[in-house]
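S.K.: 1 is the number of the first residue of the sequence shown in full-length UniProt numbering; add one for each residue after it.
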Amino acid sequence: MRKTYHRAFGRGGHEALRGMDLVVPAGSAFGLIGPNGAGKTTFIKSVLGIVRPTAGTVRVLGGSPEDPAIRARIGYLPERLHLPGTWKSPAFLATVARLKGLKPDAPGLLRLLERVGLSDAVDRRIGGYSKGMRQRLGLAAALLGDPALLVLDEPTDGIDPMGRLEVRRILQEEVRRGVTLFLNSHLLAETERVCDRVAILADGRVLREGRLEDLARGGARWRVRFAPGAQASALEAAGFVPVGAPASESKGAPGLLVEGAPAEGVYVVDAADVTVLNAALDRARASGALLVDLRREGADLEAVLLGAVGSPGVAA
Numbered sequence: 001m002r003k004t005y006h007r008a009f010g011r012g013g014h015e016a017l018r019g020m021d022l023v024v025p026a027g028s029a030f031g032l033i034g035p036n037g038a039g040k041t042t043f044i045k046s047v048l049g050i051v052r053p054t055a056g057t058v059r060v061l062g063g064s065p066e067d068p069a070i071r072a073r074i075g076y077l078p079e080r081l082h083l084p085g086t087w088k089s090p091a092f093l094a095t096v097a098r099l100k101g102l103k104p105d106a107p108g109l110l111r112l113l114e115r116v117g118l119s120d121a122v123d124r125r126i127g128g129y130s131k132g133m134r135q136r137l138g139l140a141a142a143l144l145g146d147p148a149l150l151v152l153d154e155p156t157d158g159i160d161p162m163g164r165l166e167v168r169r170i171l172q173e174e175v176r177r178g179v180t181l182f183l184n185s186h187l188l189a190e191t192e193r194v195c196d197r198v199a200i201l202a203d204g205r206v207l208r209e210g211r212l213e214d215l216a217r218g219g220a221r222w223r224v225r226f227a228p229g230a231q232a233s234a235l236e237a238a239g240f241v242p243v244g245a246p247a248s249e250s251k252g253a254p255g256l257l258v259e260g261a262p263a264e265g266v267y268v269v270d271a272a273d274v275t276v277l278n279a280a281l282d283r284a285r286a287s288g289a290l291l292v293d294l295r296r297e298g299a300d301l302e303a304v305l306l307g308a309v310g311s312p313g314v315a316a
């Protein structure tokens with residue numbers, strides 16, 4: 001698929017999508033990541049039928065995104081959410097339900113507001129809601145009618161950490177229900193926790209796509225722990241580099257290193273294959289070091305993104 005935004009009077013234009021080819025499996029939790037200007041917003045608008053591709057075809061839920069019957073099966077939370085400040089949340093959801101061709105169900109709307117954590121704010125005007133509360137209300141609107149596809153653009157923006165846990169739980173419940181989740185977020189940690197597949201988009205093209213565990217696998221780095229008493233100088237001479245303590249030991253975030261908090265006996269070593277790894281371990285043992293733990297390191301989503309885009313200054 002291609003999408004070019006033409007300038008006035010045909011004076012050139014900007015090619016936002018350049019031959020993009022992407023299939024999102026039904027029932028998956030799919031994340032789209034990439035640098036600013038990569039074409040993510042244009043792609044989402046194409047999925048929703050807001051913009052038409054210059055070339056190629058978009059198929060959503062087996063049909064055209066411009067088909068009203070298809071649109072009725074999609075729940076959407078935009079990045080920039082505009083809500084009527086003088087309204088109250090039940091009235092807003094009732095109006096959205098009518099626009100979707102649904103018959104408003106007052107008890108059902110209240111249950112939905114309770115599900116997103118807004119049951120205590122139903123009598124307040126939306127203008128007095130915080131940004132996080134507005135995001136919750138937008139999520140509730142997207143969930144109306146039990147959609148088959150949820151397209152969420154920055155769903156946890158402005159929501160506090162506890163609220164993110166609640167939103168994550170709701171999204172996981174929807175995926176278990178069989179919903180296809182399409183998530184666009186610059187919060188890579190949230191994408192990792194929610195999605196099982198991701199696509200990396202840059203300069204209007206998909207650079208990498210697949211299961212998150214497959215994209216993060218295949219690194220040549222190993223984490224090694226030696227018993228106390230090992231000679232640090234001998235280990236470093238053998239190719240082992242001391243690292244900080246894993247944040248998972250104190251903060252519950254696996255794989256993140258906390259600089260300035262050294263972990264005794266913990267090192268990493270780069271080895272292209274097991275032969276190189278065993279040679280390094282043999283040198284360590286020869287110095288008297290005793291191996292306690294050995295595990296292969298997987299890259300986090302930020303490392304996968306930077307590795308694909310190739311620019312350390314990129315912002316998702």
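Glycine included, each C-beta is placed from N, C-alpha and C at the ideal position. Being a predicted model, the structure only gives us computed values, none of them experimental.
From the DSSP output, in three-state form, read off asparagine 184 for me.
M.R.: Three-state result, asparagine 184: strand.
S.K.: Give me, in chain order, the residues of the same chain whose beta-carbon lies closer than 7 Å to that of leucine 61; leave out the 5 immediate sequence neighbours on both sides.
M.R.: Excluding positions up to five away in sequence, the list reads Ile70, Arg73, Ala148 and Leu149.
S.K.: Spell out a yes or no on whether the stretch 201-217 and the stretch 273-280 are touching, meaning 3 or more CB-CB pairs, one atom from each, closer than 8 Å.
M.R.: No: fewer than three Cβ pairs fall under 8 Å.
S.K.: Can you name the residues that DSSP bridges to tryptophan 222?
M.R.: Its beta-bridge partners are Val269 and Arg296.
S.K.: Going by DSSP, what residue range makes up the alpha helix (DSSP H) through threonine 86?
M.R.: Taken as a continuous stretch (DSSP letters only), threonine 86 belongs to no alpha helix (DSSP H), as it is neither H nor E.
S.K.: Can you have a look at alanine 286 and say buried or exposed, based on whether 16 or more other CB atoms are within 10 angstroms of its CB?
M.R.: By the neighbour-count rule (16 or more Cβ atoms within 10 Å), alanine 286 is not buried but exposed.
S.K.: Comparing alpha-carbon positions, which option in Gly49, Asp123 and Ala227 lies nearest glutamate 264?
M.R.: The shortest Cα separation from glutamate 264 among Gly49, Asp123 and Ala227 belongs to Ala227.
S.K.: Going by C-alpha distance, which of Arg59, Tyr129 and Val179 is nearest isoleucine 159?
M.R.: Ranking Arg59, Tyr129 and Val179 by Cα distance to isoleucine 159 puts Tyr129 first.
S.K.: So, are the CB atoms of alanine 303 and phenylalanine 240 less than 8 Å apart?
M.R.: Not a contact, by the Cβ cut-off of 8 Å.
S.K.: May I have the straight-line CA-CA distance separating arginine 2 from isoleucine 126, to the nearest angstrom?
M.R.: Going from the Cα of arginine 2 to the Cα of isoleucine 126 covers about 39 Å.
S.K.: Compute the Euclidean distance between the alpha carbons of arginine 136 and leucine 152, then round it to the nearest angstrom.
M.R.: Each residue's Cα considered, the two are about 12 Å apart.
S.K.: Would tyrosine 5 be called buried (16 or more neighbouring beta carbons within 10 Å of its own) or exposed?
M.R.: It counts as exposed.
S.K.: Taking just the CA atoms, how far does alanine 289 sit from alanine 230?
M.R.: When rounded, the distance between both Cα atoms is 5 Å.
S.K.: With DSSP as the reference, please indicate the residues paired to isoleucine 200 in a beta bridge.
M.R.: According to DSSP, which records beta bridges pairwise, isoleucine 200 is partnered with Ile33 and Arg208.
S.K.: If we call anything under 8 Å between Cβ atoms a contact, is threonine 180 one with valine 167?
M.R.: No, the pair does not count as a contact, with Cβ atoms beyond the cut-off.
S.K.: Roughly how many angstroms separate the alpha carbons of alanine 245 and aspartate 270, rounded to a whole number?
M.R.: Residue confidence for alanine 245 is low, a pLDDT of 41 falling below 50, so the modelled location carries little weight; the figure read from the coordinates is stated next. Those two C-alpha atoms are separated by around 18 Å.
S.K.: Going by C-alpha distance, which of Gly39, Pro35, Ala237 and Arg295 is nearest glycine 307?
M.R.: Ranking Gly39, Pro35, Ala237 and Arg295 by Cα distance to glycine 307 puts Pro35 first.
S.K.: From which residue to which residue does the alpha helix (DSSP H) around lysine 45 run?
M.R.: Start and end: 40-47.
S.K.: Just verifying my parser: in three-state terms, what is the DSSP assignment at proline 161?
M.R.: If DSSP states are grouped into helix, strand and coil, proline 161 belongs with the helices.
S.K.: Within the chosen definition, does the stretch 79-90 reach the stretch 46-54 through at least 3 CB pairs nearer than 8 Å?
M.R.: Touching, no.
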